[in-house]
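These notes concern the structure reproduced below.
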Amino acid sequence: YEPNSLGGNAKEATAEQGGYVSFPEEMTGTKVRQRSETFSDHFSQATMFYNSMSAVEKQHIVQALQFELAKVTVKPVQQRMVDLLANVDTQLATDVSGALGLTPKAGKVNANAGKAKGLSQLEYVPNTAKGRKIAILTADGSTGADITAMQSALKAAGATAEVIAPHLGAIKSAEGQQVPVNQRLADVASVLYDAVYVPGGAQAINAMKANGDFIHFVQEAYKHYKAVAASGEGDTLLSAALDQKATSAPGVVTGKDGGAVAKNFIDAISKHRAWDRPDTSAIPA
3 YEPNSLGGNA
13 KEATAEQGGY
23 VSFPEEMTGT
33 KVRQRSETFS
43 DHFSQATMFY
53 NSMSAVEKQH
63 IVQALQFELA
73 KVTVKPVQQR
83 MVDLLANVDT
93 QLATDVSGAL
103 GLTPKAGKVN
113 ANAGKAKGLS
123 QLEYVPNTAK
133 GRKIAILTAD
143 GSTGADITAM
153 QSALKAAGAT
163 AEVIAPHLGA
173 IKSAEGQQVP
183 VNQRLADVAS
193 VLYDAVYVPG
203 GAQAINAMKA
213 NGDFIHFVQE
223 AYKHYKAVAA
233 SGEGDTLLSA
243 ALDQKATSAP
253 GVVTGKDGGA
263 VAKNFIDAIS
273 KHRAWDRPDT
283 SAIPA
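Note that the working numbering has the sequence shown beginning at 3, numbered continuously upward.
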């Protein structure tokens with residue numbers, strides 16, 4: 003359509019102007035109201051979607067179905083659901099039913115369903131820390147220079163950082179400065195953040211190691227494959243929260259050089275998650 007030159011209602015564009023024109027083709031035969039056979043195919047699109055997922059995404063789908071169906075208290079309903087899943091993917095039905103103590107009936111999976119691009123979220127990882135939200139865990143006695151350096155590095159990378167402490171207001175840094183606090187530890191959780199950083203400061207770290215909420219915050223972030231970093235004495239908090247093997251796992255950054263820690267931490271954040279991190283099931287979070 004194009005606007006009327008006099009400012010009135012729009013008028014339909016002609017074929018010469020690139021408008022759509024219907025072709026008056028003569029039709030013969032019997033006119034019936036009949037649905038295509040594809041209307042009875044309820045599973046091929048689901049199969050194509052599942053085939054298009056990465057291994058991590060397939061694992062999440064399985065876990066989600068296990069969780070939701072475990073809440074169903076009527077066994078025949080659970081059974082019917084896993085039987086339906088057997089028409090989507092045999093392994094999917096087997097993995098879900100195993101957690102429910104069931105065995106799915108044989109299904110009919112469309113072997114020609116194939117895959118499609120653009121369905122997997124992991125096909126595109128922006129490889130940038132821009133837009134990410136990072137938690138900086140602190141307490142009185144944290145090294146202020148570490149906090150300031152990390153805040154500056156994250157801001158330059160386009161990320162947002164929030165200082166979290168046991169109380170609001172400000173903490174007194176190891177250098178005696180007042181560091182503003184954004185969030186109280188009791189009011190937030192690691193699931194609200196994309197990554198976690200722990201600055202140095204012996205006094206602060208000793209207090210944080212004695213606080214189960216700090217320990218849980220780190221454990222949960224690690225278990226969810228998020229980037230975790232610590233500088234200076236901060237690595238001892240990671241050791242208290244995680245086993246020694248975990249402190250050198252993918253996406254975990256430690257070191258004495260704050261600049262190097264910030265660079266490697268931002269690199270880890272840009273990968274979104276450390277999906278190749280092993281043994282997360284051993285972490286009690």
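Think of the CB as a built atom: it goes at the ideal place given N, C-alpha and C, for glycine as much as any other residue.
Going by beta-carbon coordinates alone, are residue i and residue j separated by less than 7 angstroms?
i      : j      : result
GLU164 : GLN179 : no
LEU94  : MET83  : no
THR256 : ALA223 : no
ILE268 : ALA243 : no
GLY236 : GLY143 : no
ASP196 : ARG134 : yes
VAL90  : THR49  : yes
ILE285 : LYS247 : no
PRO201 : LEU187 : no
TYR199 : ILE138 : yes
ALA172 : VAL183 : yes
Quick check: the Cα distance between residue i and residue j, rounded to an integer number of angstroms?
i      : j      : result
MET140 : ILE166 : The question names Met, but residue 140 is Thr in the sequence shown. Their Cα atoms are separated by approximately 6 angstroms.
GLN153 : ASP259 : 15 angstroms
VAL263 : VAL98  : 40 angstroms
GLY31  : PHE25  : 18 angstroms
VAL230 : VAL220 : 8 angstroms
ALA113 : ALA57  : 19 angstroms
VAL2   : ARG275 : The structure shown does not extend to residue 2, since the chain is modelled only from 3 through 287, so no value can be given for it.
GLU4   : LYS13  : A caution first: GLU4 carries a pLDDT of 49, below 50, which makes its placement in the model unreliable, though a value can still be read off. Their backbone Cα atoms lie some 6 angstroms apart in a straight line.
LEU104 : ASP278 : 30 angstroms
LYS174 : GLN80  : 55 angstroms
ILE149 : GLN68  : 41 angstroms
LEU102 : LEU170 : 45 angstroms
ASN129 : GLN65  : 27 angstroms
ALA151 : ALA191 : 23 angstroms
GLU59  : PHE41  : 28 angstroms
GLY100 : ALA287 : 23 angstroms
THR238 : VAL193 : 22 angstroms
What is the residue span of the alpha helix (DSSP H) that residue i lies within?
i      : result
TYR224 : 214-225
LEU102 : 92-102
GLN153 : 146-158
GLN47  : 46-53
ILE285 : From DSSP, ILE285 is part of no alpha helix (DSSP H); its letter is neither H nor E.
GLN205 : 204-211
ALA242 : 237-243
Could you check which residue in the options has the C-alpha nearest to that of residue i?
i      : options                        : result
ILE136 : ASP281, SER272, ASP278, ALA284 : SER272
ALA88  : ARG37, LYS107, PHE267          : LYS107
LEU124 : GLY100, SER54, ASP85, LYS117   : SER54
GLY261 : ALA155, VAL111, ALA66          : ALA155
PHE45  : ASP245, ALA115, VAL200, THR150 : ALA115
THR145 : GLY171, SER38, VAL181          : VAL181
HIS62  : ASN266, ALA251, SER122, ASP215 : SER122
GLY120 : THR238, LYS265, ALA15, TYR52   : TYR52
Mind checking which residues open and close the beta strand (DSSP E) that includes residue i?
i      : result
ALA163 : 162-167
ILE63  : From DSSP, ILE63 is part of no beta strand (DSSP E) but of the alpha helix (DSSP H) over 57-72.
ILE136 : 135-139
ALA232 : 229-233
GLN81  : First-last for GLN81: 77-87, but that is the alpha helix (DSSP H), not the beta strand (DSSP E).
GLN2   : Residue coverage of the chain in this structure runs from 3 to 287, which leaves residue 2 outside it and unanswerable.
ALA264 : Segment 260-272 is the alpha helix (DSSP H) holding ALA264; no beta strand (DSSP E) there.
May I ask you to check if the CB of residue i is nearer than 6 angstroms to at least one heavy atom of the ligand SAH?
i     : result
VAL34 : Absent from the structure shown: the ligand SAH. Ligands present: none.
Segment contact flag, the stretch 211-225 with the stretch 143-159, C-beta cutoff 8 angstroms, min 3 pairs: The answer is no - the stretch 143-159 does not touch the stretch 211-225, with fewer than three Cβ pairs under 8 angstroms.
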